[in-house]
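Read through the structure below, which is laid out as structure tokens, and then see the notes.
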Amino acid sequence: MSRSDWEVVIGLEIHAQLNTAAKIFSGASTAFGAAPNVQASAVDCALPGVLPVLNRGAVERAIKLGLALGAHIAPKSVFARKNYFYPDLPKGYQISQFELPVVQGGAITIHVGEGDAAYEKSVRLTRAHLEEDAGKSLHEDFHGMSGIDLNRAGTPLLEIVSEPDMRSAAEAVAYARALHALVRWIDICDGNMQEGSFRCDANVSVRKKGATEFGTRREIKNLNSFRFLQQAIEYEVGWQIETIEDGGKVVQATVLFDPETGETRMMRSKEDAHDYRYFPDPDLLPLVIEPEWIERVKATMPELPTAMQARFERDLGLPAYDAATLTAARETADYFAATVATAGDNNAKLCANWVMGELAARLHKAGLEIDAAPVSPAQLGSLVTRIADGTVSNAIARKVFEALWNGEGTSADEIIEKQGLKQVTDSGAIEAMIDAVLAANQKSVDEFRAGKEKAFNALVGQVMKASRGKANPAQVSEMLRRKLGA
Amino acid sequence: MPLSNEQVERLARLARLAVSEDAIDTTRAQLDSIFALITQMQAVDTTGIAPMSHPQELAARLRDDVVTETDRRAAFQAVAPQSEAGLYLVPQVIE
Amino acid sequence: MSDTPLFDASVSFLRRALDARKISSVELASVFLDRIATLEPKLNAFVTVDRERALADAKAADARIAKGEAGPLTGIPLAHKDVFCTEGVLTSCGSKMLANFVSPYDAHVVTLLKDAGVVCLGKTNMDEFAMGSSTETSHFGSTHNPWKPGHVPGGSSGGSAAAVAARLAPIATGTDTGGSIRQPASFCNVTGIKPTYGLVSRYGLIAYASSLDQGGAFGGSAEDCALLLGAMTGFDKRDSTSLDRAPENYAAALAAPPADAAKPLAGLTVGLPREFFAAGMSDDIRVAVDAALAQYRALGATTREVDLPNAKLAIPAYYVIAMAEASSNLSRFDGVRYGHRAAHYDDLFDMYCKSRGEGFGDEVKRRILVGTYVLSHGYYDAYYLQAQKLRRLIAEDFRRAFAECDLIAGPTSPVTAWALGAMSGDPVQMYLADIYTTPVNLAGLPGLSHPCGFDRAGLPVGLQLIGNYFSEAKLLEAAHRFQQATDWHLRRPALAA
Numbered sequence: 003m004s005r006s007d008w009e010v011v012i013g014l015e016i017h018a019q020l021n022t023a024a025k026i027f028s029g030a031s032t033a034f035g036a037a038p039n040v041q042a043s044a045v046d047c048a049l050p051g052v053l054p055v056l057n058r059g060a061v062e063r064a065i066k067l068g069l070a071l072g073a074h075i076a077p078k079s080v081f082a083r084k085n086y087f088y089p090d091l092p093k094g095y096q097i098s099q100f101e102l103p104v105v106q107g108g109a110i111t112i113h114v115g116e117g118d119a120a121y122e123k124s125v126r127l128t129r130a131h132l133e134e135d136a137g138k139s140l141h142e143d144f145h146g147m148s149g150i151d152l153n154r155a156g157t158p159l160l161e162i163v164s165e166p167d168m169r170s171a172a173e174a175v176a177y178a179r180a181l182h183a184l185v186r187w188i189d190i191c192d193g194n195m196q197e198g199s200f201r202c203d204a205n206v207s208v209r210k211k212g213a214t215e216f217g218t219r220r221e222i223k224n225l226n227s228f229r230f231l232q233q234a235i236e237y238e239v240g241w242q243i244e245t246i247e248d249g250g251k252v253v254q255a256t257v258l259f260d261p262e263t264g265e266t267r268m269m270r271s272k273e274d275a276h277d278y279r280y281f282p283d284p285d286l287l288p289l290v291i292e293p294e295w296i297e298r299v300k301a302t303m304p305e306l307p308t309a310m311q312a313r314f315e316r317d318l319g320l321p322a323y324d325a326a327t328l329t330a331a332r333e334t335a336d337y338f339a340a341t342v343a344t345a346g347d348n349n350a351k352l353c354a355n356w357v358m359g360e361l362a363a364r365l366h367k368a369g370l371e372i373d374a375a376p377v378s379p380a381q382l383g384s385l386v387t388r389i390a391d392g393t394v395s396n397a398i399a400r401k402v403f404e405a406l407w408n409g410e411g412t413s414a415d416e417i418i419e420k421q422g423l424k425q426v427t428d429s430g431a432i433e434a435m436i437d438a439v440l441a442a443n444q445k446s447v448d449e450f451r452a453g454k455e456k457a458f459n460a461l462v463g464q465v466m467k468a469s470r471g472k473a474n475p476a477q478v479s480e481m482l483r484r485k486l487g488a
Numbered sequence: 004m005p006l007s008n009e010q011v012e013r014l015a016r017l018a019r020l021a022v023s024e025d026a027i028d029t030t031r032a033q034l035d036s037i038f039a040l041i042t043q044m045q046a047v048d049t050t051g052i053a054p055m056s057h058p059q060e061l062a063a064r065l066r067d068d069v070v071t072e073t074d075r076r077a078a079f080q081a082v083a084p085q086s087e088a089g090l091y092l093v094p095q096v097i098e
Numbered sequence: 021m022s023d024t025p026l027f028d029a030s031v032s033f034l035r036r037a038l039d040a041r042k043i044s045s046v047e048l049a050s051v052f053l054d055r056i057a058t059l060e061p062k063l064n065a066f067v068t069v070d071r072e073r074a075l076a077d078a079k080a081a082d083a084r085i086a087k088g089e090a091g092p093l094t095g096i097p098l099a100h101k102d103v104f105c106t107e108g109v110l111t112s113c114g115s116k117m118l119a120n121f122v123s124p125y126d127a128h129v130v131t132l133l134k135d136a137g138v139v140c141l142g143k144t145n146m147d148e149f150a151m152g153s154s155t156e157t158s159h160f161g162s163t164h165n166p167w168k169p170g171h172v173p174g175g176s177s178g179g180s181a182a183a184v185a186a187r188l189a190p191i192a193t194g195t196d197t198g199g200s201i202r203q204p205a206s207f208c209n210v211t212g213i214k215p216t217y218g219l220v221s222r223y224g225l226i227a228y229a230s231s232l233d234q235g236g237a238f239g240g241s242a243e244d245c246a247l248l249l250g251a252m253t254g255f256d257k258r259d260s261t262s263l264d265r266a267p268e269n270y271a272a273a274l275a276a277p278p279a280d281a282a283k284p285l286a287g288l289t290v291g292l293p294r295e296f297f298a299a300g301m302s303d304d305i306r307v308a309v310d311a312a313l314a315q316y317r318a319l320g321a322t323t324r325e326v327d328l329p330n331a332k333l334a335i336p337a338y339y340v341i342a343m344a345e346a347s348s349n350l351s352r353f354d355g356v357r358y359g360h361r362a363a364h365y366d367d368l369f370d371m372y373c374k375s376r377g378e379g380f381g382d383e384v385k386r387r388i389l390v391g392t393y394v395l396s397h398g399y400y401d402a403y404y405l406q407a408q409k410l411r412r413l414i415a416e417d418f419r420r421a422f423a424e425c426d427l428i429a430g431p432t433s434p435v436t437a438w439a440l441g442a443m444s445g446d447p448v449q450m451y452l453a454d455i456y457t458t459p460v461n462l463a464g465l466p467g468l469s470h471p472c473g474f475d476r477a478g479l480p481v482g483l484q485l486i487g488n489y490f491s492e493a494k495l496l497e498a499a500h501r502f503q504q505a506t507d508w509h510l511r512r513p514a515l516a517a
């Protein structure tokens, strides 16, 4: 049997750390990078007698995600205790949501592949629930012991669970990327994967094509980059197919991905059959979300990427590809929108070209994010305006852009003025230049007259060169043709 | 239904409680008598009764998203069995 | 002043003495500290007595009194049950697990009482993690009943009840999860009240069963309880289950003169649950309770029978819920951040098992095991969920009963104090003695126990009053009128040093 006889089934559980100031059940700070345990309050350390009180900010962020996914926001949800022993879990239970999660259902559109192989797909969400993060076990050797840091304990998480709708590692990565962009778009999570703000667990199984039952799945834990997600799933799929084809059986298990070897391996520590003994947390009353609260949150929501994409196509006349690219990240969309605000809706396509073209390339080269671009949207917008009104050609505009990038002036107009880059449209001046070029390039003139169109382009190039790029190429071309009597 | 010693041992593992070999029979017998008491509940038909998880059936009160706590590590770790460099020390955690 | 020894006096008497500068708070604290020093070897009511801290508190109280800034409890000595966290003071919860735990913070109740200017004499003995009805499961040894050393004081707040009964402290705090204030109050001939769930903050109260635990007060009379309870209640934003209500002045309610001095309880209907008066209680208790009810009628109250048909299911439902919650609440005691850690272990798993195995006593371990079982996969519906459904049936019974009466009365316990060790071989037999108190916790209602006589062996009998939600003032007033007309609560055990 070959790989193509198998179908891969993937569901993802993504833990997004919510960007609240305080923890989900205590008033301790959630800031990253503090000295060990200085942000572990009495509640986070689970001192005897302390009690949790739910942070409104965490709930608000869950509501935002529910709205963004078109999900049902439960009018009543319940916090439960998930009981297990682990040194980074100070209470011996994690406060989570089990039977009644705050966000139920919903869907997200993903874009998979590139070029002709590109396709769109809708992935369904099962649920998203609020819970607290655990602390960290540090495995450096302290005389054969591990160190426990509880600064992260109690950081609010949304665990976002998908349906098993993905059929390849590429789809899983596209889904994770889409969700990553969305949580940043609605500003509920900083998305910093190195710091663990956005972590993926992948449930992977394989089955024969056409089978109706799912195969036995293994869960790959704690993937903290899209690359590892891709590699881990690909390795796991290969391993499962090989195991079955060799006559073995996949046994349900939790595995870890080792980026060094590129392999997955079983976790050793949780040897107990899981029996989490969930029950409603008696310290917390049910979370009730009134419709008015949802409306208030809705009023503060930014325009969502799908809506913005549709608007760009409809109102600005952008091609679907441009609209999708520009709305892939909040920062890009904001930059583009601000550029258009200066340049005007009529120049939206030109703005799109510049944001996706010159700006993106320059940022990539400099290793910068768009919100750190040295050229502001207003500067780029005014430059686009000058291209559109014929003040500068595209070629000159690139020079102006470079000058703006290097801080040689504060506005496009200033640079155009200072560096004398204004397009020459005085027909007398152009005519003089044409005459000089024709006189000096008799050979090209002859070739053109003999029917060689290429020679014409060479002549245009010569005139442009003579104008140091400032002549309007269309005007040059038109006048040259007239001169040559063509 | 009386418990087996294996069940008692499984519970003890799940609850992380060391129960010595010689105490296991006594423990099992005492648990059995407790179960005999609580199994009486099963005689009651509670179809259609909503469970009551709390005496005050109110909605959760929420706190504002504000940092109110300061560093009290030294005070908290003063009662820790073993700590070093601000960390609580435990026997090696193996994943 | 009268001949009443200071240690025997009421809080209001002590208040007047302090305000009139007849005695200082330091002198008053010394009276009780000296009495503790004399009688404690016999009673073992305290885990910790902190003489220096008490005297420092008293000194501060005297300064406050001198400035004319005294409140009702400023300078009054008190004992805290060792379940409440007290900053800088050992908070053991009666367990080896916390035998070295000096709390780095104060419980909300402790803060409120400090702010009121009370003088904390020490921390009282209790059943380990409040699991028991006799104070015999304490790691620090049993407390003896002041009425008959060698007998239990009841539990789990046995140390507080015994301390007040022996007048080692005029008032004391306690907690009541299934009767842990009311039952020891009845065993020791003191008054104890557990308020409506949510009135007293649980922040800093080491949890046994979170949906049932509630702090409350012990005193020599309903009046003393009213003063203490009034200072303990109040909204706490750190406890999600704390109720945001305006505090009530219970003491002022008692001080108001009744419309009819001869019949101060005229218009009060007292419900007598048929199920509480059926077979089960001892004859001596029945006689004492009947006499008390006759007294209530003499004071103008009318009595009528009511039904609590599901009350008999309270014991199994209570124990399932309490043990399930306890099994989870006690998981934090893992030897990592505080508390007992075994000296020798092989690995992390072994460290957990040995630390918890050594740190917890047998009753605590039994309850954790049962609680673990009833929450396990496959058993949850049959036990925990079923218990919660019965809980609703029991709460509904009370709701119907309170449509027909203002208060419910009956015995606090079916038995009087038993000899130490008499029940320790059979935990279930002890559980069954909680029959009258547990339904009240399941419903979250307020309950009070006050002295109403003695059995043939000279051991005290208590009458339990149960009120509707937030009827603490009504409960205290009824008990107060009873105590104005009787002297059971003034009887003192003969205690030779």
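So the protein sequences, as listed, match chains A, B and C.
Per my numbering, the first sequence starts with residue 3, numbered consecutively.
Per my numbering, the second sequence starts with residue 4, numbered consecutively.
Per my numbering, the third sequence starts with residue 21, numbered consecutively.
By construction, the Cβ of each residue, glycine as well, lies at the ideal position given by its N, Cα and C atoms.
query                                                                                                                                                                      : result
Check whether the Cβ atoms of C:R412 and B:P54 lie closer than 8 Å to each other.                                                                                          : yes
With DSSP collapsed to three states, give me the class of C:M21.                                                                                                           : Residue placement at C:M21 is poorly supported in this model, since its pLDDT is 45, which falls under 50; the coordinates are not used for a value here.
Looking at chain B, which residues of the stretch 358-376 of chain C have a Cβ within less than 9 Å of any of its Cβ atoms?                                                : Y358, G359, H360, R361, A362, Y365, D366, D367, L368, F369, D370, M371, Y372, C373, K374, S375 and R376
For a contact defined as C-beta to C-beta under 9 Å, what are the partners of B:V70 on chain C?                                                                            : None at all; the shortest Cβ gap to chain C is about 15 Å.
Count the CB pairs spanning the stretch 218-235 of chain C and the stretch 36-52 of chain A that are closer than 8 Å, and state whether there are at least three.          : yes
Let me know if A:R129 comes out buried or exposed under the rule of 16 or more other beta-carbons within 10 Å of its beta-carbon.                                          : buried
Against chain B, with Cβ distances strictly below 8 Å, would C:Y403 count as a contact?                                                                                    : yes
Using a beta-carbon distance cut-off of less than 8 Å, what residues from the stretch 470-489 of chain C approach chain B?                                                 : none
Any idea which residues DSSP pairs A:R186 with across the strands?                                                                                                         : A:R186 is not bridged to any residue.
I need the straight-line Cα distance from A:E273 to C:M301, nearest angstrom please.                                                                                       : Any reading at A:E273 must be qualified, since the residue scores a pLDDT of 48, below 50, and its modelled position is unreliable; the value itself is stated next. When rounded, the distance between both Cα atoms is 50 Å.
Does any residue of chain C have a CB that is nearer than 8 Å to the CB of B:V82?                                                                                          : yes
Just the chain B side, please: which residues come within less than 8 Å of C:K257 by C-beta, in chain order?                                                               : R64 and R66
Quick one, which of C:D446, C:A275, C:S491 and C:F474 has its alpha-carbon nearest B:L40's?                                                                                : C:D446
So, at 7 Å on beta carbons, what are the nonlocal neighbours of C:L59 in its own chain, with the 5 sequence-adjacent residues on each side left out?                       : A186, L188, L515 and A517
Using a C-beta to C-beta distance shorter than 7 Å, which residues of chain C count as neighbours of A:Y95?                                                                : S348 and S351
Between the C-alpha atoms of C:L247 and A:I291, what's the straight-line distance to the nearest angstrom?                                                                 : 39 Å
Would you check if the distance between the CB atom of C:E383 and the CB atom of C:T195 is smaller than 8 Å?                                                               : no
Drop a sphere of 10 angstroms on the beta-carbon of C:R55, count the other beta-carbons inside from all chains shown, and report buried for 16 or more, exposed for fewer. : buried
With DSSP collapsed to three states, give me the class of C:H397.                                                                                                          : coil
When burial is assigned at 16 or more other CB atoms within 10 Å of the CB, is B:I97 buried or exposed?                                                                    : exposed
Would you check if the distance between the CB atom of B:L34 and the CB atom of C:R386 is smaller than 8 Å?                                                                : yes
When we look at the beta-carbon of C:P61 and count the other beta-carbons within 10 Å, is it buried (16 or more) or exposed?                                               : exposed
To the nearest angstrom, how far is the alpha carbon of C:P513 from that of C:C373?                                                                                        : 44 Å
Could you pull the start and end residues of the alpha helix (DSSP H) that A:F259 belongs to?                                                                              : Premise fails: A:F259 lies in the beta strand (DSSP E), A255 to D260, not in any alpha helix (DSSP H).
Excluding the 5 residues flanking A:L91 on each side, which residues of the same chain have their C-beta closer than 6 Å to its C-beta?                                    : A136
According to DSSP, is C:Q504 helix, strand or coil?                                                                                                                        : helix
Counting C-beta neighbours from all protein chains within 10 Å, is the total for C:P480 16 or more, i.e. buried, or is it exposed?                                         : buried
In chain order, what are the residue ranges of uninterrupted alpha helix (DSSP H) at least 4 long that sit wholly in the stretch 142-214 of chain C?                       : 178-185 and 202-208
Which one of A:T393, A:G383, A:T387 and A:P376 has the shortest CA to CA distance from A:E404?                                                                             : A:P376
Could you list the residues in the stretch 33-58 of chain B with a C-beta less than 8 Å from some C-beta on chain A, going in chain order?                                 : S56 and H57
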